[in-house]
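In terms of numbering that gives the first Met the number 0, the sequence shown opens at residue 0 and continues consecutively.
In what follows, a structure is listed as structure tokens, so that the remarks can point back to it.
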Amino acid sequence: MKLQDLIYFNKLVELKSYTTVSEYFGVSQPTISMAIQRLEKEFNVELINRNQAHRKIKISPHGKVLYKHTDIINREVEEIKKDMHHNFKAQIRFGLPPIIGNYYFPILALELSKSDILDDLDNIEAGSGKLLDQLRSGEIDIALLGSNEPIESHAIKSKVLTKSDFKIIVSLNSPLAKLKKIKIKDLNNTNFISLSNDFIHHNTFNKLCNEHSIKVHIRYRTQDVELLKQLVSEDLGVSFLTEQAISPKDNLVAIPIDDDDLDKFYVSLTYRKTHVLSPKEKQLIAVLINSIKK
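Pasting the structure below:
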């Protein structure tokens, strides 16, 4: 069985045209036809129901089963190509969410400099949700990710490094600032400043709102954590942040949340299980594990 035959079949299912597939790969149409015939002979099944009258193809039930496998194979082949292209380059494509980066990177930078790794980092900043997608697709190789539970994936190797609590942040002038604790239900109908959808904070807070049957009025949504804190300090709304993102200089009040069902904020070291780690990447992982303590 030829790997390229499986790749041709995968694309044929997606495009449903021998001509279009042959043009996509820059080969002749008979090349695609022969590849499909070899697969049908290999598995002794019909993969394509051919309707010559209308010059259309229809994928058979066996073909649909094979497509599920070839789709996985095709993604793995693309990841292999990316790994082979990047693995022996000096640059390490490292995903780092702004909140985690702001809190940990000043500490990490010193250790990375001592280990002669700092100059080799190609930092990619985005919310944890977006970085996880980029990690899966092979656009980045290693990432520190935030989540509201330990990351479990057949494709991603993950190690929890630390966890912390979420807090409600309010301005010094807010009526809520005097509270020692707060419940999620107490936020019903309040003005809210939110991080964008690719931050784990967004999904975690939405989950809490649904569980407690409350609604908040989103006044502004941003990817900039510092801007979010500034807007809250101006009393334009309240927000929801991990305690790692809050410092005394922010002029905010961080209120503990008094609900038993509140998730923690997990910080995890992650990389693809199929990714072959370079010596520098192994050094980076060692620094991350040793520098970020539970």
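For every residue, glycine included, the Cβ atom is placed at its ideal position computed from N, Cα and C.
Check: Is there a Cβ from chain D that is less than 8 angstroms from the Cβ of Asp118?
Finding: Here there is only one protein chain, and chain D is not present.
_Suppose you measure from the CA of Tyr66 to the CA of Tyr102; what does that come to, to the nearest Å?_
44 angstroms
- Message: Mapping the DSSP letters down to three states, classify Pro97 as helix, strand or coil.
- Response: helix
When the Cα atoms are used, what is the spatial distance from Glu151 to Leu130?
-> 15 angstroms
Neighbourhood of Gln282 by C-beta, 7 angstroms cutoff - its chain only, sequence neighbours within 5 removed: Ser114 and Ile116
Starting from the Cα of Glu210, find the closest Cα among Asp262, Arg218, Lys179 and Ile79 and give me that residue. Closest option to Glu210, Cα to Cα, is Asp262.
Cβ pair Val224, Ala253 closer than 8 angstroms
no
Q: Using a threshold of 8 angstroms, state whether the C-beta atoms of Leu46 and Leu95 are closer than that.
A: no
Worksheet item: Alpha carbon to alpha carbon, what distance is there between Gly128 and Met33?
Response: 42 angstroms
CA-to-CA distance, Asp119 to Ser277, given in whole angstroms
12 angstroms
Quiz item: Helix or strand or just coil, what does DSSP make of Pro149?
Solution: coil
Item to check | Environment of Glu280 [buried if 16+ CB atoms lie within 10 Å] | outcome: Under the 10 Å beta carbon count, Glu280 is surrounded by 16 or more other beta carbons and is classified as buried.
- Message: Can you give me the C-alpha to C-alpha distance between Gln133 and Ser267, rounded to a whole angstrom?
- Response: 16 angstroms
Looking at Val159 and Phe191, is the spacing between their C-beta atoms short of 8 angstroms? no
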